[in-house]
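First to last, the protein sequences are chains D and C. Each residue of the first sequence is one higher than the one before, starting from 5 at the first, in the working numbering. Each residue of the second sequence is one higher than the one before, starting from 3 at the first, in the working numbering. Reviewing the structure listed below.
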Amino acid sequence: MSADLSPEEVLKVAHLARLELSQDEVTKFTEQLQSMLGHAGDIAALDIHDLAPTAHPFGLINVLRSDEVRPSVDRDEVLSQAPKAVDGRFGVPRIMGEAP
Amino acid sequence: MSVTDLAAKIRAGETTAVAALEHSLSVIAERDGELHAFVEVQTERARERARTIDAAVADGKNPGRLGGVPVALKDNLCQRGTVTSCSSKILEGWIPPYDATVVTRLMEAGAVIVGKTNMFDFAMGASTENSASGPTRNPRDPSRVPGGSSGGSAAAVAAEMVPLALGSDTGGSIRQPASLCGVVGVKPTYGLVSRYGLVAFASSLDQIGPFASTVADAAELLEVLAGHDPMDSTSLTSPVPEISAHLSDGVQGKRIGLCTDLVEGSDPEVVAAVRRAAEVLAAAGAEVVELSIPELRYGLSAYYLIAPAEASSNLARYDGVRFGNRVDGVDVTAMNTATRTAGFGDEVKRRIMLGTYALSAGYYDAYYAQAQRVRTLIIDAFAKAYENVDLLLGATSPTTAFEIGSKVDDPMSMYLSDVCTIPTNLAGHPALSVPFATGSDGLPIGVQLLGPGLSEEWLFAAAAVLEGGAA
Numbered sequence: 005m006s007a008d009l010s011p012e013e014v015l016k017v018a019h020l021a022r023l024e025l026s027q028d029e030v031t032k033f034t035e036q037l038q039s040m041l042g043h044a045g046d047i048a049a050l051d052i053h054d055l056a057p058t059a060h061p062f063g064l065i066n067v068l069r070s071d072e073v074r075p076s077v078d079r080d081e082v083l084s085q086a087p088k089a090v091d092g093r094f095g096v097p098r099i100m101g102e103a104p
Numbered sequence: 003m004s005v006t007d008l009a010a011k012i013r014a015g016e017t018t019a020v021a022a023l024e025h026s027l028s029v030i031a032e033r034d035g036e037l038h039a040f041v042e043v044q045t046e047r048a049r050e051r052a053r054t055i056d057a058a059v060a061d062g063k064n065p066g067r068l069g070g071v072p073v074a075l076k077d078n079l080c081q082r083g084t085v086t087s088c089s090s091k092i093l094e095g096w097i098p099p100y101d102a103t104v105v106t107r108l109m110e111a112g113a114v115i116v117g118k119t120n121m122f123d124f125a126m127g128a129s130t131e132n133s134a135s136g137p138t139r140n141p142r143d144p145s146r147v148p149g150g151s152s153g154g155s156a157a158a159v160a161a162e163m164v165p166l167a168l169g170s171d172t173g174g175s176i177r178q179p180a181s182l183c184g185v186v187g188v189k190p191t192y193g194l195v196s197r198y199g200l201v202a203f204a205s206s207l208d209q210i211g212p213f214a215s216t217v218a219d220a221a222e223l224l225e226v227l228a229g230h231d232p233m234d235s236t237s238l239t240s241p242v243p244e245i246s247a248h249l250s251d252g253v254q255g256k257r258i259g260l261c262t263d264l265v266e267g268s269d270p271e272v273v274a275a276v277r278r279a280a281e282v283l284a285a286a287g288a289e290v291v292e293l294s295i296p297e298l299r300y301g302l303s304a305y306y307l308i309a310p311a312e313a314s315s316n317l318a319r320y321d322g323v324r325f326g327n328r329v330d331g332v333d334v335t336a337m338n339t340a341t342r343t344a345g346f347g348d349e350v351k352r353r354i355m356l357g358t359y360a361l362s363a364g365y366y367d368a369y370y371a372q373a374q375r376v377r378t379l380i381i382d383a384f385a386k387a388y389e390n391v392d393l394l395l396g397a398t399s400p401t402t403a404f405e406i407g408s409k410v411d412d413p414m415s416m417y418l419s420d421v422c423t424i425p426t427n428l429a430g431h432p433a434l435s436v437p438f439a440t441g442s443d444g445l446p447i448g449v450q451l452l453g454p455g456l457s458e459e460w461l462f463a464a465a466a467v468l469e470g471g472a473a
């Protein structure tokens, strides 16, 4: 594992995370992310492959509830806080292209 | 006056909820122009609420355990009808359609919510400088940071604007600002307090907890907040510790480990404070031993992979569709990208990118999975230590409050501020910071007590001993 993260990799990660970076930001974040990953070098060197990974401190498993009808949040109240609402739904720009 | 006394006087009609609130509002009016602990003060809503409490008392009803007590909420806790922005740009102006469970519990206990406190953008920093509405200043020295990310809540209690406030702690965001502002701050056992209605940062680490001026007041608030909630699947079903009932138990016969790994590297005055805290505990009858848990040194690295990984997933929801701000684009992807690019601050972007990278194909095992294995290593190491001692003692923050602006462009140096608090979050354990000394710079120094899961009764009893011996 190395910390030599390239500017191209930073751009790729930014794209995956839906973030746009200026050229200056690519330079700045590449340097900062390299430093952060470099710090993680100490744990990369640990030989602990026999340990099970912990995702939750107390090892909880799925929690189920009974299937009962109960009040939900108010639709109009939720939509009043959306950037755009159309006919009782969230409004978004076109997702698919025009039909051929 | 303690919170218990204040609530008792209001209950007895010796003072009123309105008077308590007006006192809070007058201190806020006097000091918050300079300190900026609050992002929103809900004056009229709080006045109406206080009048309701006083009317209940006049009717001979019990208004509740915190009846009439003013409380502040960190700006990442949902309160129906009030803006909850996480002090971020992307959630600017968002009004949640429901109350967080902690808000419901405060209301059931009769508390009067005064307002929302400032925080580091999305709770991702140890200073409360990066906030959409500007930095919070430390009431003990306004040229310094209050710590963070719950800096507004810590400052509000330290400046006596409110007797109680709520914060959240993912890697130290309650304990570190408590230490830097000279108040009590508690990170409870993971799952003891419901997170329903807390804006998620790193879900396997986040926990809500209290700020107060005294250990007893913090206990009072935590007991109101704690307990199972079916709306949070990580909420514990075990009985809530009876903290107040055991507050005067002392530390006689307890074994307490001074954990050298949580002290070394701190400023000499911080080290001296922890050593003197050990003496106070020993004088009160505890058997204090010095021990090392070398695995804790890997906590910071593991945390700065796990927390960003979880954040990158949790913050995927800010896509400009359902809540918060939107920046238009020609299609959905362009809209998502423009919205997130304009709405997230640099620190949030850094962590999202680091987390996305740590979770991406080819790097997952080397970074994220390895960090999760380190988490196991740390949990096992704590468990071994707790076979020999009941509680651990260490520093909360390696330094006193630093100057505003001194670390904001140096992420790694900011991260080191949480080096002593992070291991507790990885293990899901409780820990608290209690003000104990004052540095030569005149700034407060807190010391940290740590315990195994659900050891709050012991922790608070030991903290009460330290409080009694503080300089």
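Beta carbons are placed, not taken as given, at the ideal position from N, Cα and C, and that holds for glycine.
**Request:** With distances taken Cα to Cα, identify the nearest neighbour of residue 38 of chain C among C:282, C:172, C:397 and C:161.
**Result:** Start at 1 with the first residue of the second sequence, and residue 38 of chain C comes out as number 36. Closest in C-alpha terms to residue 38 of chain C, from the list C:282, C:172, C:397 and C:161, comes C:161.
**Closer than 8 Å at the beta carbon, the chain D residues around residue 536 of chain C** = Given that chain C is displayed from residue 3 to residue 473, the structure contains no residue 536 of chain C and the question cannot be resolved.
**Item:** Minimum Cβ-Cβ distance from residue 55 of chain D to chain C less than 8 Å
**Value:** Residue mapping note: residue 55 of chain D aligns to position 51 of the first sequence, counting from 1. Residue 55 of chain D counts as touching chain C.
**Prompt:** How should residue 136 of chain C be labelled, buried or exposed, when 16 other C-beta atoms within 10 angstroms of its C-beta is the threshold for buried?
**Reply:** Here residue 136 of chain C corresponds to residue number 134 of the second sequence, with the count starting at 1. So residue 136 of chain C counts as exposed.
**Prompt:** Where does residue 413 of chain C fall in DSSP's three states?
**Reply:** One-based indexing of the second sequence puts residue 413 of chain C at position 411. Helix, per DSSP.
**Message:** Against chain D, with Cβ distances strictly below 8 Å, would residue 338 of chain C count as a contact?
**Reply:** Within the second sequence, residue 338 of chain C is the residue found at index 336, counting from 1. Yes, its Cβ sits closer than 8 Å to a Cβ of chain D.
**Request:** Provide the residue span of the beta strand (DSSP E) that contains residue 289 of chain C, from first to last.
**Result:** Start at 1 with the first residue of the second sequence, and residue 289 of chain C comes out as number 287. Element bounds for residue 289 of chain C: 289 to 293.
**Asked** Should residue 23 of chain D be flagged as near chain C, meaning a C-beta pair shorter than 8 Å?
**Response** Residue mapping note: residue 23 of chain D aligns to position 19 of the first sequence, counting from 1. It does; some Cβ of chain C falls within 8 Å.
**Distance cut-off 7 Å: residue 93 of chain C Cβ against heavy atoms of the ligand MN** = As presented, the structure is devoid of all ligands, the ligand MN included, so that no description of it is given.
**Prompt:** Three or more beta-carbon pairs under 8 Å between the stretch 340 to 348 of chain C and the stretch 294 to 312 of chain C, yes or no?
**Reply:** no
**Request:** Would you verify that the beta carbon of residue 414 of chain C is, or is not, closer than 8 Å to some beta carbon of chain D?
**Result:** Locating residue 414 of chain C in the second sequence gives position 412, counting from the first residue. Answer yes: the Cβ-Cβ gap between residue 414 of chain C and chain D drops below 8 Å somewhere.
**Prompt:** Leaving out five residues before and five after residue 242 of chain C in sequence, what residues of the same chain have Cβ atoms less than 6 Å from its Cβ?
**Reply:** For the purposes of this step, residue 242 of chain C is identified with residue 240 of the second sequence, where counting begins at 1. Within the same chain, residue 242 of chain C has close Cβ partners 228 and 229.
**Message:** Considering Cα atoms alone, identify which of C:284, C:309, C:352 and C:252 is closest to residue 204 of chain C.
**Reply:** As a first step, residue 204 of chain C is located in the second sequence; it is residue number 202 there, counting from the start. Checked all of C:284, C:309, C:352 and C:252; the closest Cα to residue 204 of chain C is C:309.
**Within 9 Å of chain D by C-beta, residues of the stretch 360 to 378 of chain C in sequence order** = 360, 362, 365, 368, 369, 370, 371, 372, 373, 374, 375, 376, 377 and 378
**Asked** Interface residues of chain C around residue 69 of chain D at Cβ under 7 Å?
**Response** To locate residue 69 of chain D, count along the first sequence from 1; it is residue 65. The answer, in chain order, is 232.
**Request:** Using a Cβ-Cβ cut-off of 8 Å, state whether residue 351 of chain C counts as contacting chain D.
**Result:** Your numbering for residue 351 of chain C matches position 349 in the second sequence. Yes - at least one Cβ of chain D is within 8 Å of the one on residue 351 of chain C.
**Message:** List, from N- to C-terminal side, the alpha helix (DSSP H) runs of 4 residues or more that fit wholly inside the stretch 295 to 340 of chain C.
**Reply:** 301 to 316
**Request:** Identify which residue in C:222, C:60 and C:128 has its Cα closest to the Cα of residue 414 of chain C.
**Result:** Along the second sequence, read from residue 1 onward, the residue named residue 414 of chain C stands at position 412. Cα-wise, what sits closest to residue 414 of chain C is C:128.
**Prompt:** Closest to residue 24 of chain C by CA distance: which of C:332, C:325, C:163 and C:397 is it?
**Reply:** Counting from one through the second sequence, the residue named residue 24 of chain C turns up at place 22. For residue 24 of chain C, the nearest C-alpha among the options comes from C:163.
**Request:** Pull up the DSSP beta-bridge partners for residue 143 of chain C, would you.
**Result:** On the second sequence, position 141 is the one that residue 143 of chain C refers to. Its beta-bridge partners are C:140.
**Message:** For residue 46 of chain C, tell me which candidate among C:90, C:115 and C:108 has the shortest Cα-Cα distance.
**Reply:** In the second sequence, the residue the question calls residue 46 of chain C occupies position 44. Nearest C-alpha to residue 46 of chain C: C:115.
**Prompt:** Assuming residue 112 of chain C contacts residue 69 of chain C under a Cβ cut-off of 8 Å, what Cβ separation, rounded to an integer in Å, is found between them?
**Reply:** In the second sequence, residue 112 of chain C corresponds to position 110, counting from 1. In the second sequence, residue 69 of chain C corresponds to position 67, counting from 1. About 3 Å; that satisfies the 8 Å criterion.
**Asked** Pick from C:393, C:397 and C:405: whose alpha carbon is nearest that of residue 454 of chain C?
**Response** Counted from its first residue, the second sequence places residue 454 of chain C at position 452. Residue 454 of chain C has its Cα closest to that of C:393, out of C:393, C:397 and C:405.
**Request:** With 8 Å as the threshold, decide whether the Cβ of residue 64 of chain D is near any Cβ in chain C.
**Result:** Taking the first residue of the first sequence as 1, we reach residue 64 of chain D at position 60. By this cut-off, residue 64 of chain D is an interface position.
**Request:** Out of C:397, C:271, C:316 and C:383, state which residue places its alpha-carbon closest to the alpha-carbon of residue 445 of chain C.
**Result:** The sequence position of residue 445 of chain C within the second sequence is 443, counting from 1. The shortest C-alpha separation from residue 445 of chain C is found at C:271.
**Message:** Assuming residue 1 of chain C is part of the alpha helix (DSSP H), what are its boundary residues?
**Reply:** Shown here, chain C extends from 3 to 473; a query on residue 1 of chain C therefore has no answer.
**Item:** Buried/exposed call for residue 78 of chain C, threshold 16 Cβ in 10 Å
**Value:** Numbered from 1 along the second sequence, position 76 holds the residue referred to as residue 78 of chain C. Burial check for residue 78 of chain C: the Cβ neighbour count within 10 Å reaches 16 or more, so the residue is buried.
**Asked** The beta strand (DSSP E) with residue 347 of chain C in it runs from where to where?
**Response** As a working note, residue 347 of chain C is residue 345 in the second sequence. First-last for residue 347 of chain C: undefined, no H or E at that position.
**Request:** Buried or exposed for residue 74 of chain D, please, with buried defined as at least 16 other CB atoms from any protein chain shown within 10 angstroms of its CB.
**Result:** Counting from 1 along the first sequence, the entry for residue 74 of chain D is found at position 70. Classification for residue 74 of chain D: exposed.
**Message:** Between residue 430 of chain C and chain D, is the shortest Cβ-Cβ distance under 8 Å, so that the two count as touching?
**Reply:** One-based indexing of the second sequence puts residue 430 of chain C at position 428. The beta carbon of residue 430 of chain C sits closer than 8 Å to some beta carbon of chain D.
**Item:** Rounded straight-line distance, which links the Cα of residue 155 of chain C to that of residue 5 of chain C
**Value:** By 1-based counting over the second sequence, the position of residue 5 of chain C is 3. By 1-based counting over the second sequence, the position of residue 155 of chain C is 153. Just so you know, the alpha carbons of residue 5 of chain C and residue 155 of chain C end up roughly 16 Å apart.
**Prompt:** Quick check: the stretch 90 to 110 of chain C against the stretch 316 to 332 of chain C, are there 3 or more CB pairs under 8 Å?
**Reply:** Yes, since at least three Cβ pairs between the stretch 90 to 110 of chain C and the stretch 316 to 332 of chain C fall closer than 8 Å, the two stretches touch.
**Prompt:** Straight-line CA distance for residue 10 of chain D to residue 360 of chain C?
**Reply:** Translated into the one-based positions of the first sequence, residue 10 of chain D becomes position 6. Translated into the one-based positions of the second sequence, residue 360 of chain C becomes position 358. For residue 10 of chain D and residue 360 of chain C, the distance between alpha carbons rounds to 14 Å.
**Request:** Can you give me the start and stop residues for the beta strand (DSSP E) that residue 222 of chain C sits inside?
**Result:** Looking up residue 222 of chain C in the second sequence gives position 220. Run containing residue 222 of chain C: none in the beta strand (DSSP E); it sits in the alpha helix (DSSP H), 217 to 227.
**Asked** Could you give the uninterrupted runs of the alpha helix (DSSP H) lying entirely in the stretch 162 to 195 of chain C, keeping only those of 4 residues or more?
**Response** Qualifying alpha helix (DSSP H) stretches, in chain order: 177 to 183.
**Asked** Going by beta carbon distance, what residues of the same chain come within less than 6 Å of residue 373 of chain C, once the five residues before and after it are set aside?
**Response** Here residue 373 of chain C refers to the residue found at position 371 of the second sequence. These residues qualify, in order along the chain: 304, 307 and 308.
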